[in-house]
Amino acid sequence: MSHLHLKILAILLFAAAGLRLGAMPSPESSLKGKNVVILGDSNTWLGGDDCSDPRGWTYEWVRETTPRWCRSYARSGATWTNTAATRLNTKENISVLGDDNTIYNQIMRLKEDLDSMKVPRPDLVIIAAGTNDIWFASKRPSLLDVNAESAMVIPDSDILACEPGEVVTLAESLRYGCEIIENMLPSAKVVIFTPMQFTKANSQRFETVTTLMERMGEMMEIDVVRQDKELEINAASERKALKLTRDGVHTNREGAARNGRYLARRICALYDGKSGD
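Here's what the structure looks like:
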């Protein structure tokens, strides 16, 4: 082999190694310079409030998207769905299922911080929840009592006038939370993530819930990312051998990193107004 051929081969090998190690520069993120807030349950909470813990997908997501500022309000055990006992409670942090451990109270914590000017106004709000709504069916018995069409019939002023304990179905809780955000942050883009696949789920309930979430997004004109259909994590595979989760529900570091990298590309595409497919 000639000296020139050896030099070309060396360059190619160096480039390939750089790609594998993530050393090669990536195109500038469309979220660079933007402010981002993320709400959610345990898989989001794993990344920490400041998204600095590699156990959660938000760590790699922030590294890839390079926003100006990003904060997670996620809590382990959180549900989309309120219960009749849910009340305004921004101080509780129990890390397990509870009446007040809901997306509603995460939104209210964000509102408090915005009102006191502790945080900048976000350009993007991501809400990644639904796992616990599916998993703990007996704790959310009214979850599916209202469909998307019925939830959307309620006038905006009426849904905003509700107390959280009056909003006890998934469809109404989605509408309620998103209307509060829209009223609070009219210029922000909102994106909803369905739960990723997990081994503890009843398959029929899982499909019903994720399809309902997607339908609500369509009707509210909010982008929905079907994590259950788009991410690499597959419940059937995880039941055979844990590869990308540590317990069939929560990601290990490799699963979190893969999710974060994929979701970074997906959300940048959505933010740019593209399909992201």
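Each number in the numbering used here comes from the position in the sequence shown (counting from 1) with 5 added on. The beta-carbon is built from N, C-alpha and C at its ideal position, and this holds for glycine as well. The structure presented is a predicted model; accordingly, all values stated were derived computationally and were not measured.
Taking C-beta atoms as the reference points, glycine 45 and alanine 134 count as a pair closer than 7 Å. Across the set Asp105, Ser143 and Ala90, the C-alpha of Asp105 shows the shortest separation from the C-alpha of lysine 96.
Counting only residues of its own chain and dropping the five nearest sequence neighbours on each side, valine 101 has a CB closer than 6 Å to the CB of Gly82. Taking one beta carbon from each stretch, the segment 190 to 203 and the segment 157 to 165 have fewer than 3 pairs nearer than 8 Å; the two do not touch.
Taking the CA atoms as reference points, tryptophan 85 sits about 25 Å from arginine 258. In this structure, the CA atom of valine 124 is about 32 Å from the CA atom of alanine 156. With distances taken between CA atoms, tryptophan 62 lies nearest to Gly52 out of Gly52, Ser208, Thr70 and Thr71.
By the criterion of a C-beta distance shorter than 6 Å, proline 169 is surrounded in its chain by Asn87, Thr91 and Tyr109, once the five residues flanking it on both sides are discounted. In this chain, the beta strand (DSSP E) harbouring phenylalanine 198 covers 194 to 198.
Here DSSP, grouped into helix, strand and coil, assigns proline 72 to strand.
Comparing alpha carbon positions, the residue from Gly182, Ser242 and Gln209 closest to lysine 116 is Gly182. Taking C-beta atoms under 8 Å as the contact rule, alanine 142 and arginine 220 fail to qualify, at a distance of about 20 Å. DSSP links valine 130 through a beta bridge to Val42 and Val195. Taken through DSSP and simplified to helix, strand or coil, aspartate 58 comes out as coil.
Secondary-structure assignment with DSSP links threonine 107 through a beta bridge to Thr84.
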